[in-house]
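According to the numbering used here, the residues represented by the sequence shown are 497 to 581, in order.
Notes for the one structure printed next.
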Amino acid sequence: MLKYINPEAKEPLLITLFTKVGCPYCARAKAALKEKGLEYEEIVLSDTITVKSLKAVTGATTVPQVYIDGKQIGDSGALLAYLKA
Numbered sequence: 497m498l499k500y501i502n503p504e505a506k507e508p509l510l511i512t513l514f515t516k517v518g519c520p521y522c523a524r525a526k527a528a529l530k531e532k533g534l535e536y537e538e539i540v541l542s543d544t545i546t547v548k549s550l551k552a553v554t555g556a557t558t559v560p561q562v563y564i565d566g567k568q569i570g571d572s573g574a575l576l577a578y579l580k581a
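Below you can see the structure in the form of structure tokens.
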């Protein structure tokens with residue numbers, strides 16, 4: 497439908513960010529996304545969503561872990577490189 501209304505329009509990216517409270521790298525990733533005007537869904541590790549859960553889903557044990565349109569981008573450094581490309 498979007499292509500019918502505006503053939504040059506792009507669908508918004510689906511961005512998911514796994515984070516942890518107090519993580520400076522997570523804050524950097526969120527700031528970079530906000531700076532680019534990109535909306536994201538944030539999943540914060542907690543008592544119910546643990547590092548074990550993160551590893552089961554992403555294969556990683558560090559945060560942030562960023563996914564864009566279902567593709568794993570990686571940590572905040574990888575996100576910054578992705579956004580520059």
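All C-beta atoms in this analysis are idealised placements derived from N, C-alpha and C, irrespective of residue type, glycine included.
It should be emphasised that the depicted structure is a prediction, and the values quoted were computed from it without experimental measurement.
Next item on the list: Would you list the one or two residues that DSSP bridges to Lys530?
Entry: Looking up residue 530 in the sequence shown gives position 34. Answer is none; Lys530 lacks a bridge partner.
- prompt: Can you name, in chain order, every residue of its own chain whose Cβ lies under 7 Å from the Cβ of Val517, other than the five neighbours on each side?
  reply: Here residue 517 refers to the residue found at position 21 when the sequence shown is read from its first residue. Hits under 7 Å: Val540.
Distance check for Ile501 and Gly570, CA to CA, integer angstroms please.
Position 74 of the sequence shown, counting from 1, holds the residue named residue 570. Position 5 of the sequence shown, counting from 1, holds the residue named residue 501. Looking at the two C-alpha atoms, the distance is approximately 34 Å.
Between the Cα of Ala556 and those of Pro508, Phe514 and Leu509, spot the shortest distance and give me the residue it belongs to. Counted from its first residue, the sequence shown places residue 556 at position 60. Closest in C-alpha terms to Ala556, from the list Pro508, Phe514 and Leu509, comes Phe514.
Cα-Cα, which of Leu509, Lys548, Ala574 and Glu507 is closest to Tyr521? Sequence index remark: in the sequence shown, residue 521 carries index 25 (1-based). Ranking Leu509, Lys548, Ala574 and Glu507 by Cα distance to Tyr521 puts Ala574 first.
**Study point:** Top-ranked residue by Cα proximity to Lys567, from Pro508, Glu507, Pro503 and Thr512
**Key:** Residue 567 sits at position 71 when you count from the first residue of the sequence shown. It is Thr512 whose Cα lies nearest to the Cα of Lys567.
C-alpha gap between Ala581 and Val553, whole angstroms
Locating residue 581 in the sequence shown gives position 85, counting from the first residue. Locating residue 553 in the sequence shown gives position 57, counting from the first residue. Cα to Cα, the separation comes out at about 26 Å.
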